[in-house]
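Engineer: One structure, pasted below without further comment.
Chains as they are written, first to last, in our numbering: chain L, -17 to 217; chain G, 4 to 440.
Here it is as structure tokens:
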């Protein structure tokens, strides 16, 4: 059977594909990293859902370069809420990244319970586009489900940022990633996603991050290995 | 003493002694009249009634006089205006009788006798008052007794008497009253001027001991506040709840709202969040709501179906968040045009605009307190050896004020790949960590 015939067979609605990612694609905002978008269900961060991001090196593991392009998109129309960030979000840098500080809200609750409450409230509010929560300690399934439901009702993008690498602890959140720094940039492991699991890490370079922020998508960025060479050449 | 229908059925009559009434039915609920609370409520209703007419008079004997002659057309006819007023009052759970007449006294008397038919022309007043009983006259009991002895039962009979004789027999008050009611003599009144602050106290028969109970009292007070504000197109942004305890000094609770508003339901939801962090010092006997500053709320249409979407909801979220997390926990950042990195940002109110700064690459995270770095093998160390990348950015500024700096900023990288923003201080000759990329 040739390829064209195979494609026409696969397009038949009765054919179910094992990787599951081709099904009803959720509405997403692209992460602006080609290599990552290719692996995320729906091609980006899903709306109305909470994504868990594990920071392999703690603060500065690459969470900001990873999220900034998407946050810039979201902040054009809606608010970005930061809950208990580990350090001061430096306004000039966020502005450079295309996120208007006037669209940012910084909450510093006194405890984990209050943080979870604030995150749920913000997620539930349609005016808040993205809600980023730096939540320490253990979060039980019930709290995760509450956040997920709140994100769904507010149609917002939730990000739960926690220290650690691949957690053995299961979580009901549909998308879990871990990010860590490498020499060239960052390495993203997709720990859990809807559909086929992905074992190989996605490598992102600083070059790609610059392009992503600028909204450019040069051909060289398309393939991870190629862009890695490119950035080595420019540095 | 007054009795409702059920009590009257058991033989209890107005004017009976309490002990005699209990002898007839020992399960009586006795409600003591609170004149202060009544006056307070009437003041709120007068403020509410200002939405219909600018001239509202608080008359004695629980009567509000509204001068509606000038505004009937605006509200689309008398029937419609009456309906607006009576449905509004019904929502407050009040039983109201009304009367309409060209003079205040005639209107008040007809209302007191529950004659709702409107009297519109001056010539009809005499006819409209004719069959009212003498008891409506605000005169001393001796005068009423005197009239009764003369065989008078209705106003018509009194009005028919010559005024000179009445004056000789009962003093000047009675004939003047009659003339005022008929529109023959002037009857000037002081219109109600609403206070520029709102204060409302509830004395509780049973002290509130729980936060739930307190929340209920708060809701009730907010409803009174909404009534007061809605008449005048006003809103409040901050209210104070003062609780009086038996043997402790009064405690106070300030509740702030994001934007001026007047919806009792929104206030109540914010109060509920605020109460999460509040503890009653002791059972409270009196709860007072004080709104010291009233804001104009004109030009801000309130949603037809409750909440309107968009910004108003976000402001409400901000108010809820700061009520529960505390004022300082809800903040935003803004840029400041200054070369010194630690002064290039500031805390701001949510929504404040920032101007982009023409600066080089800056880290997303800034340490609130720069951290001094130790040296290992002559290289700065922060959990790992830091290697400088590229050329430094020299920032030398602030010589004109108290915090001059002379620094070389580097982007540094550790073996883990993490990138830091560090500076070499030219005056102290040491390394500092200022930010994390």
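Positions of the beta carbon are idealized from the N, C-alpha and C atoms, including for glycine.
Determine the direct distance from the alpha carbon of residue 43 of chain L to that of residue 129 of chain L, and round the result to whole angstroms.
Structural biologist: The straight-line gap from Cα to Cα measures roughly 24 Å.
Engineer: Secondary structure at residue -14 of chain L, three-state DSSP: helix, strand or coil?
Structural biologist: Of the three classes helix, strand and coil, the one that applies to residue -14 of chain L here is helix, per DSSP.
Engineer: Three or more C-beta pairs under 8 Å: does that hold for the stretch 69 to 86 of chain G against the stretch 211 to 221 of chain G?
Structural biologist: Cβ pair count under 8 Å is below three, so no.
Engineer: Taking only the alpha-carbon atoms, compute the straight-line gap between residue 224 of chain G and residue 141 of chain L and give it to the nearest angstrom.
Structural biologist: Their Cα atoms are separated by approximately 40 Å.
Engineer: Return no unless some Cβ of chain G is closer than 9 Å to the Cβ of residue 125 of chain L.
Structural biologist: Not one chain G Cβ lies under 9 Å of residue 125 of chain L.
Engineer: Sorted by chain position, which residues of the same chain lie with C-beta nearer than 7 Å to residue 211 of chain L's C-beta, five sequence neighbours on each side aside?
Structural biologist: No answer about residue 211 of chain L holds up, because its pLDDT of 40 lies below 50 and its placement is not dependable.
Engineer: Name the chain L residues whose beta carbon is nearer than 9 Å to that of residue 440 of chain G?
Structural biologist: The answer, in chain order, is 42, 44, 46, 47 and 75.
Engineer: Return the bridge partner residues of residue 110 of chain L from the DSSP annotation.
Structural biologist: Answer by DSSP bridge pairing, in chain order: L/61.
Engineer: Since residue 410 of chain G sits in a beta bridge, which residues does DSSP pair it with?
Structural biologist: Answer is G/398 and G/428.
Engineer: At a Cβ cut of 9 Å, what residues of the stretch 325 to 343 of chain G count as close to chain L, listed as they run along the chain?
Structural biologist: Residues passing the 9 Å Cβ filter: 327, 328, 329, 331, 332, 333, 334, 335, 336, 337, 338 and 339.
Engineer: Taking contact to mean 3 or more Cβ pairs, one atom from each stretch, closer than 8 Å, check whether the stretch 13 to 31 of chain L and the stretch 156 to 170 of chain L are in contact.
Structural biologist: Yes, the stretch 13 to 31 of chain L touches the stretch 156 to 170 of chain L.
Engineer: Between which two residues does the alpha helix (DSSP H) harbouring residue 291 of chain G extend?
Structural biologist: Unbroken run through residue 291 of chain G is the beta strand (DSSP E), 287 to 294; no alpha helix (DSSP H).
Engineer: I need the straight-line Cα distance from residue 320 of chain G to residue 104 of chain L, nearest angstrom please.
Structural biologist: Going by the C-alpha atoms only, they are around 8 Å apart.
Engineer: Considering just the uninterrupted stretch of the beta strand (DSSP E) at residue 265 of chain G, what are its terminal residues?
Structural biologist: Looking at the DSSP string, residue 265 of chain G is not in any beta strand (DSSP E), and its letter there is neither H nor E.
Engineer: Residue 241 of chain G lies in the alpha helix (DSSP H); which residues open and close that run?
Structural biologist: Not the alpha helix (DSSP H): residue 241 of chain G falls in the beta strand (DSSP E), residues 237 to 248.
Engineer: Pick helix, strand or coil for residue 174 of chain L, following the three-state DSSP scheme.
Structural biologist: Residue 174 of chain L falls in the strand class under three-state DSSP.
Engineer: Kindly give me the distance between the Cβ atoms of residue 102 of chain G and residue 85 of chain G, rounded to whole angstroms, as I take these residues to be in contact under 8 Å.
Structural biologist: Going by Cβ atoms, the distance from residue 102 of chain G to residue 85 of chain G rounds to 11 Å, so no, they are not a contact pair.
Engineer: Compute the beta-carbon to beta-carbon distance between residue 374 of chain G and residue 435 of chain G, rounded to the nearest angstrom, for a pair I have assumed lies under 8 Å.
Structural biologist: Correct: roughly 7 Å between the Cβ atoms.
Engineer: What are the boundary residues of the alpha helix (DSSP H) that includes residue 187 of chain L?
Structural biologist: Not the alpha helix (DSSP H): residue 187 of chain L falls in the beta strand (DSSP E), residues 184 to 187.
Engineer: Would you kindly work out how many angstroms separate the C-alpha atoms of residue 232 of chain G and residue 336 of chain G, rounded to a whole number?
Structural biologist: Approximately 34 Å, taken between the alpha carbons.
Engineer: Specify whether the stretch 102 to 119 of chain L and the stretch 52 to 68 of chain L touch according to this definition: at least 3 beta carbon pairs, one from each stretch, less than 8 Å apart.
Structural biologist: The stretch 102 to 119 of chain L vs the stretch 52 to 68 of chain L: in contact.
Engineer: Would you say residue 27 of chain L faces chain G, with C-beta separation under 9 Å as the test?
Structural biologist: No, because no Cβ of chain G sits closer than 9 Å to the Cβ of residue 27 of chain L.
Engineer: DSSP beta-bridge partners for residue 136 of chain G?
Structural biologist: Beta-bridge pairing links residue 136 of chain G to G/157.
Engineer: Decide if residue 117 of chain G is buried, meaning its Cβ has at least 16 other Cβ atoms within 10 Å, or exposed.
Structural biologist: By the neighbour-count rule (16 or more Cβ atoms within 10 Å), residue 117 of chain G is not buried but exposed.
Engineer: What residues match up with residue 350 of chain G in a beta bridge as DSSP calls it?
Structural biologist: BP columns for residue 350 of chain G point to G/336.
Engineer: Which stretch, first to last residue, makes up the alpha helix (DSSP H) that contains residue 371 of chain G?
Structural biologist: No alpha helix (DSSP H) contains residue 371 of chain G, which is instead part of the beta strand (DSSP E) from 368 to 379.
Engineer: Please confirm whether residue 33 of chain L has its beta-carbon closer than 9 Å to some beta-carbon of chain G.
Structural biologist: Judged by the 9 Å Cβ criterion, residue 33 of chain L is not in contact with chain G.
Engineer: What does the Cβ neighbour count give for residue -11 of chain L, buried or exposed, with the cut at 16 atoms within 10 Å?
Structural biologist: So residue -11 of chain L ends up on the exposed side.
Engineer: Three or more beta-carbon pairs under 8 Å between the stretch 233 to 244 of chain G and the stretch 252 to 269 of chain G, yes or no?
Structural biologist: Flag = yes, the stretch 233 to 244 of chain G and the stretch 252 to 269 of chain G touch.
Engineer: Answer with buried or exposed for residue 33 of chain G, where buried requires no fewer than 16 other C-beta atoms within 10 angstroms of its C-beta.
Structural biologist: With fewer than 16 Cβ atoms within 10 Å of its Cβ, residue 33 of chain G is classed as exposed.
Engineer: Strictly under 9 Å for the Cβ-Cβ distance: is residue 364 of chain G near chain L by that measure?
Structural biologist: Chain L contact via Cβ: present.
Engineer: Could you check the C-alpha separation between residue 397 of chain G and residue 343 of chain G for me, to the nearest Å?
Structural biologist: So the alpha carbons of these two residues sit roughly 11 Å apart.
Engineer: Classify residue 39 of chain L: buried if its beta carbon has 16 or more other beta carbons within 10 angstroms, exposed otherwise.
Structural biologist: When all chains shown are included, residue 39 of chain L counts as buried.
Engineer: What span of residues does the beta strand (DSSP E) with residue 127 of chain L cover, start to end?
Structural biologist: Element bounds for residue 127 of chain L: not the beta strand (DSSP E) but the alpha helix (DSSP H), 123 to 136.
Engineer: If you measure from the beta carbon of residue 321 of chain G to each beta carbon in chain L, is any gap under 9 Å?
Structural biologist: With 9 Å as the cut-off, residue 321 of chain G counts as an interface residue toward chain L.
Engineer: Express the C-alpha separation of residue 141 of chain G and residue 158 of chain G in angstroms, rounding to a whole number.
Structural biologist: Taking the straight line from one Cα to the other gives about 12 Å.
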